[in-house]
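In order, the protein sequence lines correspond to chains S and C.
For the first sequence, this note's numbering gives the first residue as 1, with consecutive numbering after it.
For the second sequence, this note's numbering gives the first residue as 1001, with consecutive numbering after it.
Note that CB positions come from ideal geometry on N, CA and C, so glycine has one too.
Structure first, then comments.
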Amino acid sequence: MSVVDVLVVGAGPAGLAAGIEVAKRGGRVCVVDRNLEPGGQLIKQIHKFFGSREHHAGVRGVDIAVELLEEARALGVTLRLGWEVFAIRPGHAVDIVQAVADDTTGSAGNAPTESFDARSVVLAAGAEENALRFEGWTLAGVMGAGAAQTLINVWRVRPGKRVLMVGAGNVGLIVSYQLLQAGVTVAAIIEAAPRIGGYGVHAAKIRRAGVPILTSHTILRAEGVECVEGAVVAQVDGTWCPIEGTERRFEVDVICVAVGLHPNTRLASLAGCRLVFSPALGGWVPLHNAVLETTVPGIYVAGDAAGIEEASTALEEGRLAGIAAYERLRDVDAEGHAEIAAIQRRLDDLRGGPFCGGIRAAKSALQTAGETPCPAT
Amino acid sequence: MPGNLSQDGYLSLDELESAPGVPAHDRMRRGPVAVVECVQEIPCNPCEAACPHHAIQVGTPITNCPVLDAEKCTGCGLCVTQCPGLAIFVVDLSRSGETAAVTLPYEYLPLPEAGELVDVVDRSGEVVGRGRVLRAATTPASDRTAAVTVEVAREHGMHVRGIRRKEVDGNGHDR
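What follows is the structure, encoded as structure tokens:
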């Protein structure tokens, strides 16, 4: 059994940032990720990020991943890539299993396992895409927008020739733009709400590329025998019901679903962390306090796993959780307190503005509730 | 956030009129100037640091909309490729003759070449005419975002916000 100060689950922006902060303070830290390539969603974010200088604003996500990785490696963060956490036992004993076999290991079912004795744990395992059910939703060619983005930006494979994007939040808008850049036609973006949910600047760049955005529209069905050959959409009324006679068919071979994400809470649940339901944060989320500690002492959450936001806030939360997870083992000094306060201020800034009103309120409510210790059963 | 942007996905002329990053008409006629089409309060400020003349201010909080000081702006265009939202353009309505020059951010490959004739589109993606590419270039600082300057009919200077080339820009090849 290996002994570490902090074990971090997930090597995305939150997990890497947590690992970096622990290592900076001289802590022994191991970051585990089931993927062979670290960086989480950053590795397919080919667009320039928003935010401010300290959030790598103006840098493409894929390049932020490289920077974080280099920093983590230089500081001596141990990375276990292609390994997956399958148990968190009382006292922070963490069991991992090799999820992706390298060339030298044997067959599946005989995968090697290892255990860690961690003094604290940071859960930064990100999010999962929400599914959307409609007639024909199991046809080949119906996929999450994240899958399409992975295909074009990581594997450089076009998912098809013509896409209908379902959802005009930032994910739907950004992936549509990147599909255009990859030479795929986007027939339309439909959005059930009466307004575009994502940033206007993202919408503007795909509108001028000639992509219509149909608000108050839903998908009725995917058509096709073995794979998607078309999609039928309709306008919805104020109660989200399709209006008869408004059906339109799009000739497409791909339907991308971008209808939100939910936090990955499986390990938090397994570890006995209390979950609460927060629509603004994407669904069930581990209750946590202002330094991201869950109801199980010593287990922290950060990034999308602590409520759906974006990469800049994930980075900041990762830093915060890393510091808190390590410093709890000692007495936090004045410098530590100042750093924690500075990060919390930056998070408040990022959550300012009309787009984040719901998140701001939900995080604040959660953290107020999280300050009251709850039994971890 | 009422108005066209959140409904249709592009700014209406009314929304542009009241945007703090859009210069007044008399300044536009005097020479090239940045047009910052950013009206939603999102947490973002690289434009502020991009401007060597300190003509763009965001300040704190970071969700402030960028405010353009059009008197300080020289129309150099450094901000065009630095805006992660691709929402800054440089418009020159001071040219002799009946043309305007519009510099826009461009992230499709291959880049157009100087002299190339292209369809020019407005904010809604409608083709409004033809234009001639004057320059298309990336720099190390622009990090793979090109600034493309296109010559268009003068009356289209405040309308043209994109170019459309068959086989290149996404939906162009399909229509």
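Report task. List in chain order: all unbroken beta strand (DSSP E) runs of 3+ residues lying wholly within the stretch 1119-1158 of chain C. Result -> With a minimum length of 3 residues, the continuous beta strand (DSSP E) runs that stay inside the stretch 1119-1158 of chain C are 1127-1137 and 1146-1153.
Query raised in the report: Is the stretch 65-79 of chain S close to the stretch 90-101 of chain S, with three or more CB pairs under 8 Å?
Result: Between the stretch 65-79 of chain S and the stretch 90-101 of chain S, the count of Cβ pairs shorter than 8 Å is below three; the stretches do not touch.
Report task. Determine the DSSP secondary structure at V236 of chain S, reduced to helix, strand or coil. Result -> strand
**Report entry** Proximity to I219 of chain S [Cα-Cα], best of S:E37, S:A203 and S:V233
**Finding:** S:V233
**Report entry** V1160 of chain C vs P1105 of chain C beta-carbon contact at 9 Å
**Finding:** Contact: no.
Report task. In angstroms with no decimal places, state the Cα-to-Cα distance between A268 of chain S and F116 of chain S. Result -> Pairing A268 of chain S with F116 of chain S, the inter-Cα distance amounts to about 17 Å.
Report task. Give the residues from the stretch 1018-1039 of chain C that approach chain S closer than 8 Å (Cβ to any Cβ), ordered along the chain. Result -> E1037, C1038 and V1039
Query - When S:K24, S:G51 and S:V6 are compared against A314 of chain S, the one with the closest alpha-carbon - result: S:G51
Report task. Leaving aside the five residues before and after D1181 of chain C along the sequence, list all residues of the same chain whose C-beta is less than 7 Å from its C-beta, in chain order. Result -> The shown model of chain C, from 1001 to 1175, leaves out residue 1181 of chain C, and the question about it has no answer.
Requested in this report: To the nearest angstrom, report how far apart G1172 of chain C and M143 of chain S are at their CA atoms.
Outcome: Here G1172 of chain C scores only 48 on pLDDT, less than 50, and its place in the model should not be relied on; the value that follows carries that caveat. Taking the straight line from one Cα to the other gives about 24 Å.
Report task. Just mark A1024 of chain C as buried or exposed, buried being the case when its beta carbon has 16 or more other beta carbons within 10 Å. Result -> exposed
**Report entry** C-alpha gap between A362 of chain S and A127 of chain S, whole angstroms
**Finding:** 17 Å
Query raised in the report: Within the 9 Å Cβ cut-off, does C1051 of chain C reach chain S?
Result: no
Query - Whole beta strand (DSSP E) elements within the stretch 45-101 of chain S, 3-residue minimum - result: 78-81, 83-89 and 93-98
Query raised in the report: Quick check: the stretch 1050-1063 of chain C against the stretch 1116-1134 of chain C, are there 3 or more CB pairs under 8 Å?
Result: no
Query - Separation of A209 of chain S from I174 of chain S, as counted between CA atoms - result: So the alpha carbons of these two residues sit roughly 13 Å apart.
**Report entry** For Y1010 of chain C and I359 of chain S, the rounded distance between their alpha carbons
**Finding:** 25 Å
Query - Buried versus exposed, by CB contacts within 10 Å (16 or more), A140 of chain S - result: exposed
Requested in this report: Please say whether G1157 of chain C and I1088 of chain C have beta carbons closer to each other than 9 Å?
Outcome: No; because the gap between Cβ atoms is not below 9 Å, this pair is not in contact.
Query raised in the report: For P13 of chain S and chain C, any beta-carbon pair shorter than 9 Å?
Result: No, no contact with chain C.
**Report entry** Nearest candidate by alpha-carbon position, reference K161 of chain S, set S:S216, S:C356, S:C227 and S:P90
**Finding:** Out of S:S216, S:C356, S:C227 and S:P90, S:C227 has the C-alpha closest to the C-alpha of K161 of chain S.
Query raised in the report: Looking only at C-alpha atoms, which of C:C1079, C:A1019 and C:G1077 sits nearest to E1041 of chain C?
Result: C:A1019
**Report entry** Neighbour-count burial assignment, A338 of chain S, 16 or more Cβ in a 10 Å radius
**Finding:** exposed
Query raised in the report: Would you report the Cα separation of A376 of chain S and V6 of chain S, rounded to the nearest angstrom?
Result: Residue placement at A376 of chain S cannot be trusted, given a pLDDT of 42 that sits under 50; what the coordinates show is reported in the next sentence. In a straight line, the C-alpha of A376 of chain S is about 20 Å away from that of V6 of chain S.
Query - S115 of chain S (DSSP reduced to helix, strand or coil) - result: In this structure, S115 of chain S counts as strand in the three-state DSSP scheme.
Report task. Taking all protein chains shown into account, decide if P1002 of chain C is buried (16 or more other Cβ within 10 angstroms of its Cβ) or exposed. Result -> Confidence at P1002 of chain C is low in this model, with a pLDDT of 43, below 50, so its placement is unreliable and the value that follows should be read with caution. That one is exposed.
Query raised in the report: Are V1118 of chain C and R1130 of chain C close, meaning C-beta to C-beta below 9 Å?
Result: yes
**Report entry** F355 of chain S in three-state terms, based on DSSP
**Finding:** F355 of chain S: helix per DSSP, three-state reduction.
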